Each structure stands twice: as structure tokens, then as C-alpha cells.
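Enquirer: I am attaching a structure below and will ask some questions about it afterwards.
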Amino acid sequence: MAPPDSSAAPGSGGSGGRRPPWRKLWNWGLPALLLPLALLLNPDEARHREALRQAIDAQHPVAAGFGAQELVDLPVSYHSVGLLSWTRHDRDLTTVGAFGQVVAVGKRGRTAASPGR
280 MAPPDSSAAP
290 GSGGSGGRRP
300 PWRKLWNWGL
310 PALLLPLALL
320 LNPDEARHRE
330 ALRQAIDAQH
340 PVAAGFGAQE
350 LVDLPVSYHS
360 VGLLSWTRHD
370 RDLTTVGAFG
380 QVVAVGKRGR
390 TAASPGR
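Each residue of the sequence shown is one higher than the one before, starting from 280 at the first, in our numbering.
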């Protein structure tokens, strides 16, 4: 029995192991496009603070009616690695942002605006 031909290996698609030319463009072009886009759209600290204020206002409509969020600046620390940014309050993650979007998060399934610990 003769050994199988390596160019006709199962799963190779019968092309002899060569990739189509669009595959190389896809593998290098997509990351080359998304990386600068992610850097440009990374939200700044003001957008994180605004998302956190909106989350708190949604959870506490009475406080929002009095404008309590405008009186107190939230004590959060802003961090960024270029593609991704986040804020923390007392070692707890409060917001995460990337590609121009900011999401308020909390620990153990709570939102960042949930009261109490």
C-alpha cells in the first residue's frame, strides 16, 4: 500500500496546501483596519463618567430629579491601554469602554449603579 500524497491530504481543500490570495489580505487587512479604528474610538474619561452617571440615574430616579450627580464628582480612576479603557472605584470595576462604546458594569451580577455592597 502506497503512502498518501501529502498534497491531497484530507481537509486541505484539494488546493495542494496553498491558500487563496484573498485569505492573506483578510488575515492582514482586517487587523490593520481595526487596530487604528479602535485607537481612534477609545472613549475618554468624560464618556466613562457620563455612562456611569446615566447608570446611576437609571437606578435612582429620585436622586436624578434633584441633580445630585451634578454636585458630586464621582471618585473613579480612569485607565487606558489604547484599545480598551476602564474605570475603577475602590478596586471595583465600574465601566468598560472600547470602539466608542462605554458600558457600566458591577461585581457579582450587579450594575455599577446598584446600591450597597
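Ideal Cβ placement from N, Cα and C applies to all residues, glycine included. Since we're looking at a predicted model, the values are computed, not measured.
1) Between the C-alpha atoms of residue 338 and residue 384, what's the straight-line distance to the nearest angstrom?
2) Report the partner residues of residue 380 according to the DSSP bridge assignment.
3) What's the C-alpha gap between residue 398 and residue 304?
4) Does DSSP put residue 332 in a helix, in a strand, or in coil?
5) Would you list the residues sitting across from residue 367 in a DSSP beta bridge?
6) State the CB to CB distance for the pair residue 315 and residue 381, rounded to an integer number of angstroms; the pair is presumed to be in contact (CB under 8 Å).
7) Secondary structure at residue 389, three-state DSSP: helix, strand or coil?
8) Does residue 288 come out as helix, strand or coil in the three-state DSSP assignment?
Expert: In brief:
1) Rounded to the nearest angstrom, the two C-alpha atoms are 13 Å apart.
2) DSSP, once it has assigned bridges, lists 377 as partnering residue 380.
3) A query on residue 398 cannot be resolved here, the shown segment of the chain reaching from 280 to 396 and no further.
4) Look at residue 332 here: in three-state DSSP terms it is helix.
5) DSSP output for residue 367 lists 356 and 372 as bridge partner(s).
6) Not really, about 20 Å apart at Cβ, beyond 8 Å.
7) Any answer about residue 389 is weak, because its pLDDT of 49 lies below 50 and its placement is not dependable; what the coordinates show is given next. Annotated three-state conformation of residue 389 is coil, per DSSP.
8) Unreliable placement is indicated for residue 288, whose pLDDT of 49 sits below 50; the coordinate value is still reported in the next sentence. Of the three classes helix, strand and coil, the one that applies to residue 288 here is coil, per DSSP.
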